[in-house]
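Below is one structure, written out as structure tokens; comments come after it.
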Amino acid sequence: MGSSEAWKISPFLLFPFMAYRKKYGNRVTSIVLSSKTQAVHMNQHDGDTGSHRWVVFGVIAGCYLFVYFHRVSTSVIAADLLAAFHTNATALGFMSSMYFYLYALEQPMVGYLSDRLGPRRVVGYWSLLAGAATILFGLAPSIGWASVWRALIGFGVGGVYVPAMKAFSQWFKARDFSTMNGLLLAIGNLGAIVATTPLAWMARAWGWRTTFFAIGAVTFALAFAVLIGVRDFRPKETPSTETHEPRPATDAQKGPSAMGVLMSLRFWVLATVFAGFFGSFLAFQGLWATPYLVSVYGLDPIRASGLNMLVPIGFMVGAPVFGRLADRLFQEKVHMLIATLVVESAVWGFLTFGWDIAGPSSMGVILFLMGAFAGGFATSLWALVNETTPPGILGSVSGLLNTAPFLGVAAMQLITGYLLDRAGQVDGAYAPKAFESAFLFCFIVMAGCLALCAGFRRRLSRQGVSAFPPAGRA
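Residue numbers (our numbering): 151 to 624.
Here it is in structure tokens:
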């Protein structure tokens with residue numbers, strides 16, 4: 151395939167746009183070249199921006215730590231929530247999934263506002279909302295109100311990752327993008343570690359409600375740090391940007407159309423794989439990991455959460471390592487995606503069928519590998535998107551694509567909760583066979599993602615930017 155086919159539109163979807171392309175196709179080359187030129191100039195900033203970029207990274211990464219914390223926190227305090235609200239696994243799964251619904255649905259809007267308002271305001275204002283919702287979650291009198299406030303937490307923390315991607319693309323060089331993304335994901339998973347044994351200790355010592363009051367206060371502090379201590383990047387004009395010839399109409403300034411992305415088969419393949427992979431992964435890490443380990447090995451929740459900690463530790467190792475590999479060694483990121491899917495499919499097979507032949511130590515190795523290759527999947531996928539998407543629509547594509555995994559998580563938490571309830575409890579807890587039926591579904595989903603990625607590997611491989619229809623045209 152040629153370099154213009156990275157986001158090639160499916161022939162079944164192309165027909166309505168043929169007349170449009172015929173009329174405006176001659177402008178596409180100038181649009182894409184303009185986007186490439188702008189991307190080069192965007193990353194040619196060294197001078198006085200060098201020190202502040204680390205302030206930007208540090209403060210935003212601090213906010214992102216709590217994004218991951220809230221994703222997985224309900225796993226450790228699941229027993230406390232079940233007792234406090236007198237509810238069951240299906241209702242708890244629904245409550246936990248509410249985080250992901252609003253997080254997912256707002257991503258296109260967050261990407262748009264990051265372009266319009268700047269990353270600083272989006273991260274700062276959304277983090278203020280997340281802090282307030284965290285405190286209200288600690289005050290929830292019922293599972294219904296807990297679901298409302300958990301949804302609002304998801305909405306608040308949903309305004310961090312996409313603006314962070316935009317900020318890093320401006321403040322750091324293009325060749326370091328995957329590395330910085332990997333470091334951000336690693337710090338995020340530090341939040342997932344805090345949501346394991348440390349959260350279990352705090353919940354036991356203070357109670358889960360008081361713990362969430364404290365977390366809300368820290369979130370408020372970070373939000374004010376963003377609004378006061380961070381500034382948005384302002385590119386300086388260069389002689390090369392001043393000598394560009396005017397383009398017919400303003401299509402080059404508007405950039406390619408996001409509709410072209412939504413109509414591309416490549417986008418939907420990536421979105422499906424993204425949703426299936428992280429839907430399964432975060433349903434396990436964020437809700438069922440600790441109960442599963444308690445059921446299989448008879449561990450107390452503190453020790454089980456300590457074993458569960460190996461998942462985010464593995465992610466912290468895998469994300470920057472694979473990010474560096476993506477920046478420096480691999481030309482075809484799709485090969486990294488397939489490798490991570492092979493390993494994750496094997497992990498789910500072990501969790502489903504091999505739990506009775508391994509002790510806690512062997513399970514610890516499996517959980518570490520699960521986290522490490524999940525980190526590799528995330529960084530290699532975003533590296534692939536970053537290098538094959540025209541800069542003019544990178545924010546929109548990131549927002550649209552980042553919707554997929556959280557819709558996947560919301561669905562998988564509900565489905566696995568239903569499968570556990572269908573199997574039933576034994577002496578007030580779910581038996582290993584109940585988890586086997588739930589995890590079998592996750593294994594099938596992961597194997598499907600592997601087959602889909604392998605089947606479309608040529609379509610997903612690095613092909614450069616492509617020609618989407620310009621924005622603002624009918």
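Glycine included, each C-beta is placed from N, C-alpha and C at the ideal position. Note that the structure is predicted; figures quoted are calculated from it, not measured.
- If the five residues before and after L267 are omitted, its C-beta is found closer than 7 Å to no C-beta atom of its own chain.
- In chain order, V446 place their CB closer than 6 Å to the CB of W505, counting only its own chain and leaving out the 5 sequence neighbours on each side.
- According to DSSP, residue pairing for Q575 in a beta bridge involves Y580.
- Per the coordinates, the alpha-carbon of L590 lies some 8 Å from the alpha-carbon of W498.
- Around R453, the same chain offers no residue with a beta carbon nearer than 6 Å, after the five sequence neighbours per side are excluded.
- Closest option to V419, judged by alpha-carbon separation, among A314, F465, A554, A367: A554.
- The segment 289-307 and the segment 234-251 touch, with no fewer than 3 CB-CB distances between them shorter than 8 Å.
- Proximity of the segment 364-375 to the segment 278-291 meets the contact definition, three or more beta-carbon pairs being nearer than 8 Å.
- The C-alpha of V444 is placed about 13 Å away from the C-alpha of I227.
- With respect to the 7 Å criterion, T529 and G332 are classified as neighbours on the basis of their beta carbons.
- Along the length of the segment 298-349, whole beta strand (DSSP E) runs at least 3 residues long do not occur.
- By the C-beta density criterion, S328 is buried, having at least 16 other C-beta atoms within 10 angstroms.
- With a threshold of 16 other beta carbon atoms within 10 Å, L479 falls short and is exposed.
- Bounds of the alpha helix (DSSP H) holding F523 are 510-538.
- In terms of CA proximity to N339, F465 leads the group F465, G574, A522, I507.
- Secondary structure at L479: coil, using DSSP grouped into helix, strand and coil.
- About 32 Å separates the beta carbon of L551 from that of G514, a gap too long to meet the 8 Å contact definition.
- Note on the segment 199-232: whole alpha helix (DSSP H) runs with a minimum of 4 residues are 202-226, in chain order.
- Residue environment analysis places K583 among the exposed positions, since fewer than 16 neighbouring C-beta atoms fall within 10 angstroms of its C-beta.
- Looking at the backbone, the Cα of S512 and that of F527 are separated by about 23 Å.
- When the five nearest sequence neighbours on each side are left out, the beta carbons in the same chain lying within less than 6 Å of the beta carbon of F424 are those of A554, P555, in order along the chain.
- Around the beta-carbon of L432, 16 or more other beta-carbon atoms lie within 10 Å, marking it buried.
- Residue range 358-379 is occupied by the alpha helix (DSSP H) that includes T369.
- Sequence-distant partners of Y262 (beyond 5 residues in either direction) whose C-beta falls short of 8 Å from its own C-beta, in its chain, are G545, S546, G549.
- Residue environment analysis places W356 among the exposed positions, since fewer than 16 neighbouring C-beta atoms fall within 10 angstroms of its C-beta.
- When DSSP states are grouped into helix, strand and coil, N458 belongs to the helix group.
- Under the three-state reduction of DSSP output, D506 falls in the helix class.
- Taking 7 Å as the cut-off, the Cβ atoms of F235 and I285 do not count as close.
- For M486 and F518, the gap between their C-alpha atoms comes out near 18 Å.
- For F383, the secondary structure class from DSSP, reduced to helix, strand or coil, is coil.
- Only residues of its own chain outside the window of five on either side were considered, and among them G332, L335, A336, G525, T529 have a CB closer than 6 Å to the CB of A469, listed in chain order.
- Across the structure, L349 and L602 are spaced so that their CA atoms are roughly 37 Å apart.
- Going by DSSP, D265 is part of the alpha helix (DSSP H) stretching over 239-267.
- When the five nearest sequence neighbours on each side are left out, the beta carbons in the same chain lying within less than 7 Å of the beta carbon of G598 are those of G426, in order along the chain.
- If you draw a straight line from the Cα of P313 to the Cα of V492, it is about 31 Å long.
- Check the Cα spacing between A496 and each of P451, G521, F593, T361: the tightest is with F593.
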